[in-house]
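In what follows, a structure is listed as structure tokens, so that the remarks can point back to it.
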Amino acid sequence: MQSVLRGIPASPGIVVGPVHLLRWEVPEVRQRLIADAEIETEIERLHDAFERGRERLRHLRVRAESAVGHEEAAIFDVQVSILDDAQLTKRIEALIRQNLCAEKAFDLILLEWRQHFARHTAPMLRERVGDLTDVHIRILSILLDLPDHDPVDLPRGANAILVTHDLTPSLTMQLDRECISAIATDAGTATAHVAILARSLGLPAVVGLRNALSYLQGGELAILNGAEGTLMIAPSDAEVAEARQRVTEEEGQVDQLRELAHSEAITRDGTRFVVRVNVDIPEESEMGATSGADGVGLMRTEFLVVNRAAMPDEEEQYRAYRRVVQAFGTRPVIIRTFDVGGDKLPVGGFPSEANPFLGWRAIRMCLDESELFKVQLRALMRAGVHGDLRIMLPLVVTVDEVRETRKLMEECVQELDARRVPFRSDLPLGVMVETPAAAIACDTLVRDVDFFSIGSNDLVQYTLAVDRGNANLAPRFTPLHPSILRLMARVQATGAAHGIDVCVCGEMASQPLSVFVMMGLGLRQFSVAARSVAGVKRVIRGVRLSAATEAAQAALESGTAREVETLLRRRLRAELDSYDRESDGLPALL
Ligand code: PEP
Ligand code: MG
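Here you go:
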């Protein structure tokens, strides 16, 4: 039956292809008692399942190694080693000998192990939880004879649209780009990390579909439109032809957009802006460096940790950061220290917390695990000799966190000095302003930091008390709420008064209405996904700063996000209509 499912636009692009369903969750297992005579056969069934699991993991390892790389593929070795663990088999066999069927015995022991590891005090052991969960799902699927939904093993060239409830960053990184061409999820919002990562990987995506899984069987033809946030199931021939026609048109606009991306970011009345790119994985550096951007405004280093059996060591991190810095030559590259925890590494690595967004995350975790943090700081200081590298701290709420980091950096200087390796001891150190505490009291930070970068995704989440990843709350996630604009105005004014750069690196920096109002609030630096550079410059070049300033004044005095949106839409449209000559042939911005 034909239908159009509406979700939230997460990453632009149109894909026509078959649906591939991924149900990556631990299946429910019924308790079944077996007779004494069945015990040995049941144990054999368990061993068979383990052997099939091992074979499968070895196969996936080979696939992952060619698709994503050696280190990422090592995760499958860890999972094989879990299946090889003699203790594990012994415990499960003991339960089977008490007349429990193999799947229930396996299920109970895996649950117990996952809980045990999640509470472990050593971070490395806590990281095993994600692997245990994967093994749990894989082996139960074999024992229960369930269809294999593995996301990394589709035929090459399948051009599939992956539909799932939610994707962890780790599963997103495992996706084989040669078979998966787009992602659709029931959960998530535009600022959830799956959406951010999809944009980095250039995968069209729609999130927040809420109940797509219940409509689909898998295998049906669909059209995903990432810019509109729709998934059309069983389209007619005419609709398929039209979608293919739009894909061709978009391909035809590539040159025009590239030209725009490389043009100067200057308003009609002559004010210059800085437009940088966000880089989420080092492999993006070369593309980012040729995107027309003035450097990197945010590199999210946590994706170096995702999917890994162990934290990357200093050498590996140094090479990753050096790659980004060298790709950008003399342009600034702002690298953010690990922002793990919360929804970034939801499985493994950290004990589960009742409120992960208010929990042990980002700079808090780094300062508590100072040895791990220092590995990163040393790698950054060493990479600093290759260009203009600047360090940025996430989720700061108090100046103490900056001072403690500076102390650790001094220790790193001693350590690197002793090793006689080249490094820079004077790297600029800035903070993300993404908590109301940091925004309201930004004046308490100015003497200790070199720059501010407003993380609008978290700032909106914490100010409005709306979970950024909750699809049910998506209509309430309103970045144009006057409270957000007032906080931004405050940070901008404080930065300007103390000669400190203020950038915006959350998703607001790529939304035309937000860019327009933020220009009027005095912000002059934006950092966006590489594919959004052209769009931001289109807004900047199409307006006068005087018009943006007037619009921002009116917005600050408005009562609701809806009022702000209505007035900005009206004013930006009028502004662009009166001038926007470069956009002929491009789709409308608003
Ligand atoms: C933000 O919070 O706006 C931000 C840029 O950081 P992240 O999205 O990685 O949390
Ligand atoms: Mg953030």
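Using the numbering used here, read the sequence shown as starting at 1 and increasing by one per residue.
Even for Gly, the Cβ is constructed at its ideal location relative to N, Cα and C.
Treat the numbers as computed from the prediction; the structure is a model and nothing was measured.
**Report entry** Of the residues 193, 195, 192, 161, the one placed nearest residue 182, counting alpha carbons only
**Finding:** The residue labelled residue 182 in the question sits at position 182 within the sequence shown. When only C-alpha atoms are compared, the closest one is 161.
Report task. Can you tell me which of 143, 119, 87 puts its alpha carbon nearest to the alpha carbon of residue 107? Result -> Indexing the sequence shown from 1 puts residue 107 at position 107. Ranking 143, 119, 87 by Cα distance to residue 107 puts 143 first.
**Report entry** CA nearest to the CA of residue 96, picked from 32, 248, 140
**Finding:** Taking the first residue of the sequence shown as 1, we reach residue 96 at position 96. Here the closest residue by C-alpha is 32.
Query - Three CB pairs or more closer than 8 angstroms across the region 407 to 426 and the region 448 to 466 - result: no
Query - residue 348 burial status per 10 Å Cβ neighbour count (16 or more: buried) - result: Residue numbering aside, residue 348 sits at position 348 when the sequence shown is read from its first letter. Its pLDDT being 42, under 50, residue 348 is placed unreliably in this model, and the value from its coordinates should be taken loosely. Label assigned to residue 348: buried.
Query raised in the report: What do you get for residue 462, buried or exposed, if any count of 16 or more other CB atoms within 10 angstroms of its CB means buried?
Result: Counting from 1 along the sequence shown, the entry for residue 462 is found at position 462. Looking at its Cβ environment, which holds 16 or more other Cβ atoms inside 10 Å, residue 462 is buried.
Query raised in the report: Going straight from the alpha carbon of residue 55 to that of residue 66, what length do you get?
Result: Looking up residue 55 in the sequence shown gives position 55. Looking up residue 66 in the sequence shown gives position 66. Distance between the alpha carbons of residue 55 and residue 66: 17 angstroms.
Query raised in the report: Going by Cα to Cα distance, which pick from 575, 17, 429 is closest to residue 403?
Result: Translated into the one-based positions of the sequence shown, residue 403 becomes position 403. Of the candidates 575, 17, 429, the one whose C-alpha sits nearest the C-alpha of residue 403 is 429.
Query raised in the report: Quick one: what does DSSP say residue 452 is sitting in, helix, strand or coil?
Result: Counting from one through the sequence shown, the residue named residue 452 turns up at place 452. Three-state DSSP puts residue 452 in a strand.
**Report entry** Contact check, residue 261 vs residue 534, beta carbons under 7 angstroms
**Finding:** Taking the sequence shown and counting its residues from 1, one reaches residue 261 at position 261. Taking the sequence shown and counting its residues from 1, one reaches residue 534 at position 534. Yes, Cβ-Cβ distance for residue 261 and residue 534 is below 7 angstroms.
Report task. Since I believe residue 22 is in contact with residue 164 (beta carbons under 8 angstroms), could you give me their beta-carbon distance rounded to a whole number of angstroms? Result -> Taking the first residue of the sequence shown as 1, we reach residue 164 at position 164. Taking the first residue of the sequence shown as 1, we reach residue 22 at position 22. Between residue 22 and residue 164 the Cβ distance is about 4 angstroms, and since that is below 8 angstroms, they are a contact.
Requested in this report: Assign residue 285 to one of two classes, buried (16 or more other C-beta atoms within 10 Å of its C-beta) or exposed (fewer than that).
Outcome: The residue you call residue 285 lines up with position 285 of the sequence shown. So residue 285 counts as buried.
**Report entry** Status (buried if at least 16 other CB within 10 Å, exposed otherwise) for residue 217
**Finding:** Here the question's residue 217 lines up with position 217 in the sequence shown. Answer is exposed; the Cβ neighbour count stays below 16.
Query - Same chain, Cβ closer than 6 angstroms to residue 297, neighbours up to 5 away in sequence not counted - result: Taking the first residue of the sequence shown as 1, we reach residue 297 at position 297. Once the five neighbours on either side are set aside, the close Cβ partners of residue 297 are 276, 334, 503, 505, 527.
Report task. Inspect the CB distances between the region 417 to 437 and the region 382 to 397 and report whether three or more fall short of 8 angstroms. Result -> yes
Query - C-alpha gap between residue 20 and residue 497, whole angstroms - result: As a working mapping, residue 20 is identified with position 20 in the sequence shown. As a working mapping, residue 497 is identified with position 497 in the sequence shown. Rounded to the nearest angstrom, the two C-alpha atoms are 54 angstroms apart.
Report task. Within the same chain, show all residues whose beta-carbon is closer than 7 angstroms to that of residue 211, passing over the 5 residues directly before and after it, in chain order. Result -> By 1-based counting over the sequence shown, the position of residue 211 is 211. Around residue 211: 186.
Query raised in the report: What is the DSSP secondary structure of residue 165, reduced to helix, strand or coil?
Result: Here residue 165 is taken as the residue at index 165 of the sequence shown, counted from 1. Looking at residue 165 - three-state DSSP - the assignment turns out to be coil, as it is neither helix nor strand.
Query raised in the report: Can you tell which of 247, 523, 519, 457 has the C-alpha that lies nearest to the C-alpha of residue 479?
Result: Here residue 479 refers to the residue found at position 479 when the sequence shown is read from its first residue. Ranking the options by Cα distance to residue 479, first place goes to 457.
Query - Environment of the ligand MG in chain order, Cβ to heavy atom below 5 angstroms - result: 434, 455, 458
**Report entry** Complete runs of the beta strand (DSSP E) confined to the region 469 to 519 [at least 3 residues]
**Finding:** 501 to 504
Report task. Mark residue 90 as exposed unless 16 or more other C-beta atoms lie within 10 angstroms of its C-beta, in which case mark it buried. Result -> Taking the sequence shown and counting its residues from 1, the one referred to as residue 90 is at position 90. Exposed: under 16 other Cβ atoms inside 10 Å.
Query - Straight-line gap, residue 545 to residue 292 (C-alpha atoms, nearest Å) - result: Residue numbering aside, residue 545 sits at position 545 when the sequence shown is read from its first letter. Residue numbering aside, residue 292 sits at position 292 when the sequence shown is read from its first letter. If you take the alpha carbons of residue 545 and residue 292, they lie about 22 angstroms apart.
Query raised in the report: According to DSSP, is residue 180 helix, strand or coil?
Result: For the purposes of this step, residue 180 is taken as the residue at position 180 of the sequence shown. Of the three classes helix, strand and coil, the one that applies to residue 180 here is strand, per DSSP.
Query - Residue range of the unbroken beta strand (DSSP E) whose run includes residue 433 - result: Counting from 1 along the sequence shown, the entry for residue 433 is found at position 433. Residue 433 -> beta strand (DSSP E) spans 429 to 433.
Query raised in the report: Can the beta-carbon of residue 555 be found closer than 7 angstroms to that of residue 564?
Result: By one-based count along the sequence shown, residue 555 stands at place 555. By one-based count along the sequence shown, residue 564 stands at place 564. Going by C-beta atoms, residue 555 is nearer than 7 angstroms to residue 564.
**Report entry** residue 81, DSSP secondary structure in three states
**Finding:** Residue mapping note: residue 81 aligns to position 81 of the sequence shown, counting from 1. If DSSP states are grouped into helix, strand and coil, residue 81 belongs with the helices.
Query - Given residue 26 as reference, the closest of 299, 83, 137 once Cα atoms are compared - result: To locate residue 26, count along the sequence shown from 1; it is residue 26. When each option's Cα is compared against that of residue 26, the closest is 137.
Query raised in the report: Where does residue 355 fall in DSSP's three states?
Result: Here residue 355 refers to the residue found at position 355 of the sequence shown. Coil, per DSSP.
Query - Anticipated Cβ contact below 8 angstroms, residue 394 with residue 339, distance rounded - result: Start at 1 with the first residue of the sequence shown, and residue 394 comes out as number 394. Start at 1 with the first residue of the sequence shown, and residue 339 comes out as number 339. Confirmed, Cβ separation roughly 4 angstroms.
Requested in this report: With DSSP collapsed to three states, give me the class of residue 584.
Outcome: As a working mapping, residue 584 is identified with position 584 in the sequence shown. Residue state, collapsed to three classes: coil.
Report task. Kindly examine the ligand PEP and report whether one of its heavy atoms sits closer than 6 angstroms to the Cβ of residue 364. Result -> In the sequence shown, counting from the first residue as 1, residue 364 sits at position 364. Because no heavy atom of the ligand PEP lies under 6 angstroms away, the Cβ of residue 364 does not count as near it: no.
Query - Distance between beta carbons of residue 197 and residue 280, contact taken as under 8 angstroms - result: For the purposes of this step, residue 280 is taken as the residue at position 280 of the sequence shown. For the purposes of this step, residue 197 is taken as the residue at position 197 of the sequence shown. Going by Cβ atoms, the distance from residue 280 to residue 197 rounds to 6 angstroms, so yes, they are a contact pair.
Report task. Indicate, with yes or no, if the ligand PEP has a heavy atom lying under 6 angstroms from the CB of residue 505. Result -> Residue 505 sits at position 505 when you count from the first residue of the sequence shown. Yes, the Cβ of residue 505 comes within 6 angstroms of a heavy atom of the ligand PEP.
Query raised in the report: What's the C-alpha gap between residue 453 and residue 250?
Result: Here residue 453 refers to the residue found at position 453 of the sequence shown. Here residue 250 refers to the residue found at position 250 of the sequence shown. Using only the alpha carbons, I get a separation of about 32 angstroms.
Requested in this report: Could you spell out the range, first to last residue, of the beta strand (DSSP E) harbouring residue 530?
Outcome: Reading the sequence shown from its first residue, position 530 is the one you call residue 530. Run containing residue 530: none; DSSP gives neither H nor E here.
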